[in-house]
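Engineer: Protein chains in written order, with this note's numbering: chain Z, 97 to 509; chain C, 97 to 509.
For glycine and all other residues, C-beta sits at the position ideal for the given N, C-alpha and C.
The model shown is predicted, which means the values in this text are computed figures rather than measured ones.
Number of protein chains: 2
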Amino acid sequence: MGTDIDHLLTIAEALRAVRERAVLLTPRLCSLAEASGYCLAEDVTADLDLPPFDKALVDGYAVRSSDLNAGECRLTVGEEIVAGRTPTRALAPHEAAAIMTGAPLPPDADAVVMVEKTRRDGLDVIFEGGLVRPGQNRLLRGREMRAGDIVLRKGERLNAPRLGLLASVGRSEVLVFPRPRVAVVPTGDELVEPQVVPGPGQIRNSNAVMLQALAGSAGAEVCSFPIAPDERTGLRSALERGLSFDVLTITGGVSAGNRDLVPEVLQSLGVTCVFHKVQVKPGKPLWFGVGPPRGDAPGTLVFGLPGNPVSGIVGFLLFVRPALRALASPAESLPIVSRRRLARSFAHSSDRPTYYPSRFSPESAGAEAGIEPLDWAGSADLRTVAQADGFAVFPAGDRHYQAGEVVDFLHLG
Amino acid sequence: MGTDIDHLLTIAEALRAVRERAVLLTPRLCSLAEASGYCLAEDVTADLDLPPFDKALVDGYAVRSSDLNAGECRLTVGEEIVAGRTPTRALAPHEAAAIMTGAPLPPDADAVVMVEKTRRDGLDVIFEGGLVRPGQNRLLRGREMRAGDIVLRKGERLNAPRLGLLASVGRSEVLVFPRPRVAVVPTGDELVEPQVVPGPGQIRNSNAVMLQALAGSAGAEVCSFPIAPDERTGLRSALERGLSFDVLTITGGVSAGNRDLVPEVLQSLGVTCVFHKVQVKPGKPLWFGVGPPRGDAPGTLVFGLPGNPVSGIVGFLLFVRPALRALASPAESLPIVSRRRLARSFAHSSDRPTYYPSRFSPESAGAEAGIEPLDWAGSADLRTVAQADGFAVFPAGDRHYQAGEVVDFLHLG
Chain Z
97 MGTDIDHLLT IAEALRAVRE RAVLLTPRLC SLAEASGYCL AEDVTADLDL
147 PPFDKALVDG YAVRSSDLNA GECRLTVGEE IVAGRTPTRA LAPHEAAAIM
197 TGAPLPPDAD AVVMVEKTRR DGLDVIFEGG LVRPGQNRLL RGREMRAGDI
247 VLRKGERLNA PRLGLLASVG RSEVLVFPRP RVAVVPTGDE LVEPQVVPGP
297 GQIRNSNAVM LQALAGSAGA EVCSFPIAPD ERTGLRSALE RGLSFDVLTI
347 TGGVSAGNRD LVPEVLQSLG VTCVFHKVQV KPGKPLWFGV GPPRGDAPGT
397 LVFGLPGNPV SGIVGFLLFV RPALRALASP AESLPIVSRR RLARSFAHSS
447 DRPTYYPSRF SPESAGAEAG IEPLDWAGSA DLRTVAQADG FAVFPAGDRH
497 YQAGEVVDFL HLG
Chain C
97 MGTDIDHLLT IAEALRAVRE RAVLLTPRLC SLAEASGYCL AEDVTADLDL
147 PPFDKALVDG YAVRSSDLNA GECRLTVGEE IVAGRTPTRA LAPHEAAAIM
197 TGAPLPPDAD AVVMVEKTRR DGLDVIFEGG LVRPGQNRLL RGREMRAGDI
247 VLRKGERLNA PRLGLLASVG RSEVLVFPRP RVAVVPTGDE LVEPQVVPGP
297 GQIRNSNAVM LQALAGSAGA EVCSFPIAPD ERTGLRSALE RGLSFDVLTI
347 TGGVSAGNRD LVPEVLQSLG VTCVFHKVQV KPGKPLWFGV GPPRGDAPGT
397 LVFGLPGNPV SGIVGFLLFV RPALRALASP AESLPIVSRR RLARSFAHSS
447 DRPTYYPSRF SPESAGAEAG IEPLDWAGSA DLRTVAQADG FAVFPAGDRH
497 YQAGEVVDFL HLG
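1) Under a CB-based cut-off of 8 Å, is G260/Z close to chain C?
2) Taking the alpha carbon of R215/C as the point to measure from, which residue in I346/C, R170/C and L397/C has its own alpha carbon closest?
3) Report the three-state DSSP secondary structure of P200/C (helix, strand or coil).
4) Taking Cβ to Cβ, would you say V247/C is nearer than 8 Å to V265/C?
5) What whole-angstrom Cβ distance do A158/C and A205/C have, given they're in contact under 8 Å?
6) Mind checking which residues open and close the beta strand (DSSP E) that includes D163/C?
7) On the DSSP bridge list, what partners appear for T345/C?
8) Expressed to the nearest angstrom, what Euclidean distance is found between the alpha-carbon atoms of A476/C and I409/C?
9) Whole angstroms are fine: how far does the CA of L401/Z sit from the CA of G295/Z?
10) To test your reading of the DSSP string, which unbroken alpha helix (DSSP H) runs of 4 or more residues are found completely within the stretch 443-488 of chain C?
11) Less than 8 Å separating the beta-carbons of V178/C and V209/C?
12) Is there contact here, the stretch 127-136 of chain Z with the stretch 272-283 of chain Z, by at least three beta-carbon pairs under 8 Å?
13) With distances taken between CB atoms, is the gap from R300/Z to V288/Z smaller than 8 Å?
14) Report buried or exposed for H103/C, applying the criterion of at least 16 other Cβ atoms within 10 angstroms of its Cβ.
15) Can you pull out the residues from the stretch 359-387 of chain Z whose beta carbon lies closer than 7 Å to at least one beta carbon of chain C?
16) Given that a residue counts as buried once 16 or more other Cβ atoms are within 10 Å of its Cβ, and exposed if not, what is N354/Z?
17) Can you look up S302/Z in the DSSP assignment and give me helix, strand or coil?
18) Mind listing which residues of the stretch 182-209 of chain C have their C-beta closer than 8 Å to chain Z's C-betas, in chain order?
19) Mind pulling the chain Z residues with CB within less than 7 Å of Q291/C?
20) Measure from the C-beta of T106/C to each C-beta in chain Z and report whether the shortest distance is under 8 Å.
21) Go ahead and label R513/C buried or exposed: buried means 16 or more other beta carbons lie within 10 angstroms of its beta carbon, across all protein chains shown.
22) Within the same chain, show all residues whose beta-carbon is closer than 6 Å to that of L478/C, passing over the 5 residues directly before and after it, in chain order.
23) Of the residues that make up the stretch 220-241 of chain C, which ones have a beta carbon closer than 7 Å to any beta carbon in chain Z?
24) Contact check, T547/C vs T283/C under 8 Å by CB: the rounded distance?
25) In the DSSP output, which residue or residues are listed as bridge partners for A193/C?
26) According to DSSP, I177/Z sits in a beta bridge with which residue or residues?
27) In the DSSP assignment, find the unbroken alpha helix (DSSP H) run with L335/Z in it and report its ends.
28) Using the Cα positions of V173/C and L254/C, report the straight-line distance between them to the nearest angstrom.
29) How long is the line joining the alpha carbons of R417/Z and A142/C, rounded to whole angstroms?
30) Does D139/C get closer than 8 Å to chain Z when you measure Cβ to Cβ?
31) Output needed for P491/Z: all residues of its chain with C-beta closer than 7 Å, excluding positions within five of it in sequence on either side, in chain order.
32) State buried or exposed for D150/C, treating a residue as buried only when at least 16 other CB atoms are found within 10 Å of its CB.
33) Determine, using beta carbons only, whether P469/Z and Y451/Z come nearer to each other than 8 Å.
34) Look at the Cβ atom of A393/Z, then the Cβ atom of V114/Z, and state whether they are nearer than 8 Å.
35) Determine the contact status of D494/C and L423/C, defining contact as a CB-CB distance below 8 Å.
36) Taking the alpha carbon of S425/C as the reference point, which residue from D447/C, L508/C and G251/C has its own alpha carbon closest?
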C-alpha cells in the first residue's frame, strides 16, 4: 500500500505533461473596448503613414529655419493652423504660420518655434530664442510608421498603448486568443456553503471562491458549480456538465482515501488520466487528465486538486495557471517564479520539494525585497497564506538555510 | 505669452494636490464571488475556532502514540473516520482508527500515522515506521484561529487566499470600498473614430480605448463617451454628464492653443481649477479640478489630459492612477515606481523631468532586469510605447547617463 516517492512524477515532468496537452484556443474577433489583456492572434499592419503629414510637435510658429538663421528675428504671421485644419498654401519667405500641436506644417516650413520663445507684436511675431535647427519640433511624415509596416505581432498581449496603436491604424476589432472557460466543481460531503455554521465534521467551502479568484486573475472566464456530493449519480452529472468547458478544476476527492470517487467517475465519462500524484508538498495528490474531444475542439483539461485549500493553491499556481496561459497565448507558459533572498534562516526537512508560504520582507522594498517564510500550521491554514505574497521553494532533503541564501519564489499574484 | 517654468507645480506638488482631494468612496456590501481585487472596508473576525476539532493532517491511522512508543507495532482497527463524519467513541488502548485527511481525531488519539507507513493485516494494522511523536500529523483545535480573532483588517486587498479565508469564517458578503466610476471623454474636431480613414488634418481617436484600458487595469469601472466637439453646447452636454461620475478624464483641449474650450466650459459647470500645468515632459498641459458636490458625495475629480497619446499615458500614470487607488483604498497611493539600472547610456536634455519610454532589457531577467530607453519619435509615437514596459525618469537638466546608472522607472502595468 506504500507509494514509493521515486514512482511519482517530478514537478517538471508533470508540468511538461500538462503543457503538451494545452492547445491554443481558436481565435475570435474582439472589439477594442473588450480586448485589454488578450493576446493578438494576428499580425497587424499600418494602413497609412503616421504621421500622415509633417506635423508640429509643439504649439508655436511654423517657420523656414533659414529665415531665422540668416539673422531675422521678426516675421509676419500668415495663416493660423489649428488642429484638424490643413494649411491652404505654402509658407512665403519671411513669413511664419501660427500652428497648434499636431497640426500639419505648411509646405516650405521646416521647423516650429515654441510659443514660449516668441512674442506677438501686432501682425508680426518676434523670436527671442536665437538659432533654429532645421527639423526642430517637426515630426516627418511616416516617422512613426509607413503603410504596410507590421506594427504589432501575433502573440503580443494587448495593453493600453497597444490598444491605442490598433485604433491609430484603423482597427476597431482584432483577432485574439479567447479567455479559457473554466468550471470550478467543489466536491465532498463534508463541505457546507460559507453562510452555514458547520456541524460536527463539516467544513466550509472555501475552495470554490478561491479557485474562482485564481482562475479569474489568470485571465479565465469562470463558472462556479454548487458542491457536488460524494455519490456517483450526483457527481457524474456535475462532472459531465464540467466537461463542456475548456478546463475543469475539481477540488477534493483525489487523495488516497477509499471514498474518492472522482477518478472513477471521470474515467466513466471518457477522461483519460495522465498522472495522479506529483512529488510536491503540499499538493501531492494532484490528478490530471484529458476529456474526450468536444466536436472540433480538443478535450477538456481536467485537474483534480486536493481539498486542502493551500494544497489547492499550490497545485493551481504550478499547473493550472500555466495551462490557462498556454490556452490563451503562444508564448512559453511557466509558473511565475523569481529568485529571492531569504530574510531569515529556515530549517527544512522533507522528501519532496516544498512550497512554503512566505511574504516580502517589510524591511526591504520593491524588486529586491527579501522573503520571510511565515509561521504556518499546514495545508489547511489559510489565515497564514492570506498574509503571504507567494511560496518559497525548498528542494527535497533536510537542510538548514541561512538568512541571505537565494531560493526560488513562486508568486501568488 | 511665455510661461516661466518656475511658476509650474512640480510633480510632487501636483500629486499632493490630487491626493488631498481624492476621498475614499462609501463602502458597500459585495458578494465573495465578485470581491476579488477590492479592498476590505471592515475588520473581519473569526466566528468559530478553526480547526473546530483536533484534525488529521494525512490519510492514515489515528493512534495513541504511547501504544506504539511502548513497542507495539500491531493495533486492532476500530472505527473508520471519513471526512465529514465524526468519531462515535474514544480510542481504546491498543486500538487504531482509520482516518482521512481533515477528519476529526477520536478522543484519546494524539497522533496520526500516514497510510504509506502502514500495512493492513486482516482486522489489524501493522506499523512499519518506528517511533511516533505525540501530536504527529495532528492539527489542534483553534491552531489556525480562535473565535473572535481578527483575521483580516480594513484596507487589505482581497486576493484568492483572503477570499477563501472569508468563506471559512462564514462570510458570503463583505464590506468593500467600491471601484471608482470613470468617464472618458475624448474631445477635438480633428478626431475621427478608428474605423474611419482620416481626412486631411484628422487623426484617429486612440485615446479613448487607451484610457479605458488604463482605468480598467487600475480597478475602475469605465464609461467611454463619443467624441465631443470643439464647440460650447456639445462639449458642455458631454462634460455635464461626465460630472455624475467619480472621476472625469477628458483628453485634448487643454494645451495652449486658442480654441481650448475645455477649461472654460468646466468652469461654467462649477468645476474649480486646482492646477493647469505641471513641470513634466511629456504632459505639461495637464488640467486638474474638482466638480461641485454630488448630493452627499464629494465633487467629481476632473482631469484634462493632453491629446497627445503618450502625454496622456504619462499624465494618467502619474496622477489619475494614484487618484483611482486613493478612492478605493485607505493605503497610501503613489505612482508605481521602482529603481532600475540603465542597460545603455543615454543623453538627456530638458528643463523638465522627463519620462522616456523604456523596456526591460532582454539580456537580464526578472526583478533585477535593467531598462533600455527606446528610440522614440515624441509624444505621439505610440508604436514605440507599445513596446515599452514603462518610462525611465530623467531629472531636469542636461546630462549624459552611463550604462549601469540607476534611475527611477514608472511602471506601465
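Structural biologist: The structure says:
1) yes
2) R170/C
3) strand
4) yes
5) 4 Å
6) Not the beta strand (DSSP E): D163/C falls in the alpha helix (DSSP H), residues S161 to N165.
7) V280/C and F399/C
8) 11 Å
9) For G295/Z and L401/Z, the distance between alpha carbons rounds to 24 Å.
10) 478-481
11) no
12) yes
13) yes
14) exposed
15) Flagged: no residues at all.
16) Annotation note: pLDDT 43 at N354/Z (below 50); position unreliable, coordinate value reported separately. N354/Z counts as exposed, since fewer than 16 other beta carbons sit within 10 angstroms of its beta carbon.
17) S302/Z sits in coil when the DSSP states are folded into three classes, being neither helix nor strand.
18) T182, M196, T197, G198, A199 and P200
19) G266 and S268
20) For T106/C, no CB of chain Z lies under 8 Å from its own CB, so it is not counted at the interface with that chain.
21) For chain C, the structure presents residues 97 to 509; residue 513/C sits outside this window and is missing.
22) P405
23) L235, R239, E240 and M241
24) What is shown of chain C runs 97 to 509, which leaves residue 547/C out entirely.
25) A158/C
26) I195/Z
27) R328 to G338
28) 45 Å
29) Computed Cα separation, rounded: 30 Å.
30) no
31) P449
32) buried
33) no
34) no
35) no
36) G251/C
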